[in-house]
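One gets the working numbering by counting positions in the sequence shown from 1 and adding 42 to each. The structure under discussion appears below in the form of structure tokens.
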Amino acid sequence: MTAESKRKATNRSQFIAIDAVHRQPLACKFPEVILILLLFGPPGCGKGTQAVFLAERFHIPAISTGEMFRAERQAGTELGKRASSIMAQGGLVGDDIVNAMVASRISRPDCAGGFLLDGYPRTVQQAIEFSALLQQKGLPNPLVIHLDVPDDLLVARLTARRQCPQCKRIYNLLSQPPKVAGQCDDDGAALIAREDDQEAVIRQRLRAYHELTGPILQWYGASAVHSVDGGMLPDQVARAIALVVEAAER
Ligand SMILES: [Zn+2]
Numbered sequence: 043m044t045a046e047s048k049r050k051a052t053n054r055s056q057f058i059a060i061d062a063v064h065r066q067p068l069a070c071k072f073p074e075v076i077l078i079l080l081l082f083g084p085p086g087c088g089k090g091t092q093a094v095f096l097a098e099r100f101h102i103p104a105i106s107t108g109e110m111f112r113a114e115r116q117a118g119t120e121l122g123k124r125a126s127s128i129m130a131q132g133g134l135v136g137d138d139i140v141n142a143m144v145a146s147r148i149s150r151p152d153c154a155g156g157f158l159l160d161g162y163p164r165t166v167q168q169a170i171e172f173s174a175l176l177q178q179k180g181l182p183n184p185l186v187i188h189l190d191v192p193d194d195l196l197v198a199r200l201t202a203r204r205q206c207p208q209c210k211r212i213y214n215l216l217s218q219p220p221k222v223a224g225q226c227d228d229d230g231a232a233l234i235a236r237e238d239d240q241e242a243v244i245r246q247r248l249r250a251y252h253e254l255t256g257p258i259l260q261w262y263g264a265s266a267v268h269s270v271d272g273g274m275l276p277d278q279v280a281r282a283i284a285l286v287v288e289a290a291e292r
């Protein structure tokens, strides 16, 4: 550990102690402490919920690639225009554009105290580029959080989803069942299982996720990746992640 990183680590743990009592924003109290989180997890694991929690808990923006694309397009930037025209032609936006968008986004002032990325890097090549970017900007290595949930549990959760065909409200037979079985609480319409929530479709999405994410986690290495049991209740998962972040910063 260098003197510099030791100093940062010390400040960070001080911050956590202080923050727990006073809830002061990180960026104001210790502007030199920078927390970079990468969040990985399979579809249906509740990653979005955890991203919101982490952003609030550690006073950093949660950045998803989808939001980044929309923001660039709305702002009419050169990157946004290039991405739009590729997508309009049914193409996939390449690593170069995605990397450039991330570089632009994390240079904004709200990222001065750190940030959380959800959905990026999506390939090993992006991870390599991102690592080079962080180094170039003098930023610390990211803390990689992997929400680990057994496929069978995700399949059970997702196949329990039902939707009202009229008002589009989503139910879950396990966690948020309707008051009367098979009927929408709001309009009484018969609930249906969506095509996306069929087991075969879910298994295919999970396979695609593992094929994509496995090599990225491998590239970061076992010592850098912190696996958290994502099968617990959302509050418990949130607490487990917060503990990992605090322990890693010490
Ligand atoms: Zn309804």
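Glycine included, C-beta positions come from ideal geometry on N, C-alpha and C. Quick caveat, the model's predicted, so the values are computed rather than measured.
Exposed unless 16 or more other CB atoms sit within 10 angstroms - verdict on Asn141
buried
Going by the beta-carbon positions, is the gap between Cys226 and Pro220 smaller than 8 Å?
yes
Do you know whose CA, among Gln92, Tyr162, Cys87, lies nearest Thr80's CA?
The amino acid at residue 80 is misidentified as Thr; the sequence shows Leu. Measuring from the Cα of Leu80, the nearest candidate turns out to be Tyr162.
From Leu215, Gly230, Val186, Arg199, pick the residue whose C-alpha is nearest to that of Cys209; which is it?
Gly230
Under the DSSP definition of a beta bridge, which residues are partnered with Ser106?
Asp160
Is the closest heavy atom of ligand 1 to the C-beta of Gln208 under 7 Å?
yes
How close, in whole Å, do the beta carbons of Ser106 and Asp160 come, if the pair is a contact with beta carbons under 8 Å?
5 Å
With H, G and I counted as helix, E and B as strand and the rest as coil, what does DSSP make of Arg65?
Any reading at Arg65 must be qualified, since the residue scores a pLDDT of 41, below 50, and its modelled position is unreliable; the value itself is stated next. Arg65: coil per DSSP, three-state reduction.
With respect to 7 Å, is the separation between the Cβ of Ala231 and the closest non-hydrogen atom of ligand 1 below this value?
yes
Which same chain residues end up closer than 7 Å to Ser269 when comparing Cβ atoms and leaving out the 5 residues on each side of it in sequence?
His188, Asp190
Spatial neighbours of Tyr262 in its chain, beta-carbon cut-off 6 Å, leaving aside the 5 residues before and after:
Val186
Quick check on Glu291: buried or exposed, where buried means 16 or more other Cβ atoms within 10 Å of its Cβ?
buried
Proximity below 8 Å, CB of Arg236 to CB of Gln205:
yes
What residue range is occupied by the uninterrupted beta strand (DSSP E) comprising Ile258?
Note, Ile258: premise wrong, no beta strand (DSSP E); alpha helix (DSSP H) at 241-262.
Three-pair Cβ contact test at 8 Å for the region 111-121 versus the region 142-157:
yes
Helix, strand or coil at Ala235 according to DSSP, with G and I counted as helix
coil
Under 8 Å between the Cβ atoms of Phe82 and Leu259?
yes
Given a cut-off of 8 Å, decide if Val279 and Gln92 are closer than it, judged by their beta-carbon atoms.
yes
Please report the straight-line C-alpha distance between Thr201 and Ala223, rounded to a whole angstrom.
16 Å
Local conformation of Arg211 per DSSP, three classes
coil
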